Structures are given as C-alpha cells and as structure tokens.
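In our numbering, the protein residues as written are 14 to 214.
This is how it looks when you write it as structure tokens:
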C-alpha cells in the first residue's frame, strides 16, 4: 500500500547508487545474493536475541532488494535475475517469523505459524496471478518495472518492513504484531483472488 509513495522518495537515491555499482561492474544477481545473506543474518540475530542488530540488517537487506532491480534496469534485466529476486525474497519473508518462533517458541509459535500461513497463501495468490497474467500478455507497472506482473495490495514490502521493524523494537509484542499483520496479509490475498475472478474470466 505504501510502496508507491516510498518508491517516489527512494528512487533517486537508488538510481544514483545503482549507477555507481553498475559502473563498478557489480551485477544485480550479486546484490540479490548479498541482500539475501544479510536477511538470513538478521534472522540469526533474532534467534540469538540481538534485535537491534537484526533491525539494522533487515534495513540493509531491503536496501539491497531495491538496488538489485535498479542495477538490472541499467545493465539489462534477465529471467534468472527476476527468478532469484522473487524466490529469495519469499525465503527472507519466511525466515524472519521463523526466527521469532525459534527465539521464543512458547510465546511465538502460534502467532508465528499464523503469519507464515498468511504469507504462504498470499504468495500463492500473487505468483499464480502473475503466471496467468503472463499467459494472457497482461502488463502492469504499478510498482515500477518488474520481471513479472505485479499485483498490489494492503500488505506489500513496505508494510512487511514496518511489521518486522516493530517486532525487532518490541519483541515482547511479536504475537500482537503477527496477528495484525497476518490479518492484513489475508485481506490482501482475498483482494487478489477477487481481482483474479474479475480479470481472468
């Protein structure tokens, strides 16, 4: 929901940084892998209870997630790059709730499982629509130029970053944050199913 607003503010910085990286011959795929590794390091920090460190690592990881696309637009997009970007993003999104579960299973197992279920359902609705949109040669750039059709929703990357950040600053409130964000994510899933029922008839 807030991704469109955030993009307008961040795009100039991302483009300037991406230009420097492209000139240094740093590939988009390398940035994707570094961002992914940083995200996994954030998950490890959460498991160990280093929540502020985890927050900083999450920010760096999401910065890398924005930079890889910006570099790809300069150097040229590839199918492999688009594939890695979405797959590793989904692994990251699952790793953070799992890390909170592993940090405190007694308090976080059920809300974490509910959030992971919501992510799973939302990911299926997102990717399945993208496949059908590609089959029908549909186009859309609501969140900028992507390697696949990108449907928007109430729970997107920006909202996920906010939820993860709040959980890092208030780990004792993880259950509440997880349930609220799971509800937002399920709403997004339902809205995507409704979109598919309208556009794919």
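Where a beta carbon is used, it is the ideal one built from N, C-alpha and C, also for glycine. Bear in mind that the values here come from a model prediction, so they are computed numbers and not experimental data.
Query: What do you reckon, are the CB atoms on residue 79 and residue 33 nearer than 8 angstroms?; Result: no
Query: Spatial neighbours of residue 35 within its chain, please: C-beta separation below 7 angstroms, excluding the five flanking residues on both sides.; Result: 84, 87, 88
Query: Suppose the cutoff is 6 angstroms on Cβ atoms and the five residues either side in sequence are ignored; what does the same chain contact list for residue 161 look like?; Result: Reliability fails at residue 161, whose pLDDT of 48 lies under 50, so the model's placement of it is uncertain and no value is given.
Query: Around the C-beta of residue 61, are 16 or more other C-beta atoms found within 10 angstroms, so that it is buried, or is it exposed?; Result: exposed
Query: Please check the pair residue 108 and residue 56, which I expect to be a contact at CB under 8 angstroms, by giving their CB distance rounded to whole angstroms.; Result: 4 angstroms
Query: Give the secondary structure of residue 213 by DSSP, where H, G and I count as helix, E and B as strand, and everything else as coil.; Result: coil
Query: Going by C-alpha distance, which of 172, 199, 94 is nearest residue 132?; Result: 199
Query: Which of the three DSSP states is assigned to residue 63 in this structure?; Result: coil
Query: Which ranges does the alpha helix (DSSP H) cover as unbroken runs of at least 4 residues, wholly within the region 55-138, from first to last along the chain?; Result: 64-88, 92-116
Query: May I ask you to report which of helix, strand or coil DSSP gives residue 207?; Result: helix
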